[in-house]
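Numbering (the UniProt record's numbering), first residue to last: 1 to 101. Step one of this worksheet: look at the structure below.
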């Protein structure tokens, strides 16, 4: 919650992200949060990109499979993705996962 508030404050203050440098892993999550994803949505996006099923994600995060589906639908809307393949591409491009991880 605090990270989201800090990211929102930075955007409101007109802060810009330096896209010319490679972000550190913590920066990647911050960038996605600024794009409108919650920390939980970033976590679920990462697991989707790792090939985890909805049921596996639900068990690991102690939530229902229905809740995972709800998060996925919200992630798709926020990232303008039309299927999970596009979500995986977005996760790789954002540096959330690397091949073989």
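By construction, the Cβ of each residue, glycine as well, lies at the ideal position given by its N, Cα and C atoms.
Under the three-state reduction of DSSP output, residue 63 falls in the coil class, being neither helix nor strand. Counting only residues of its own chain and dropping the five nearest sequence neighbours on each side, residue 68 has a CB closer than 7 angstroms to the CB of 44, 54, 57, 58. Cβ neighbours of residue 75 within its own chain (closer than 6 angstroms, five residues either side excluded): 41, 45. DSSP places residue 90 in the helix class (H, G or I) of the three-state scheme. A straight-line Cα-Cα distance of about 22 angstroms links residue 71 and residue 101. In this structure, DSSP gives residue 68 a helical state, which the three-state scheme calls helix.
If you draw a straight line from the Cα of residue 36 to the Cα of residue 47, it comes to about 18 angstroms.
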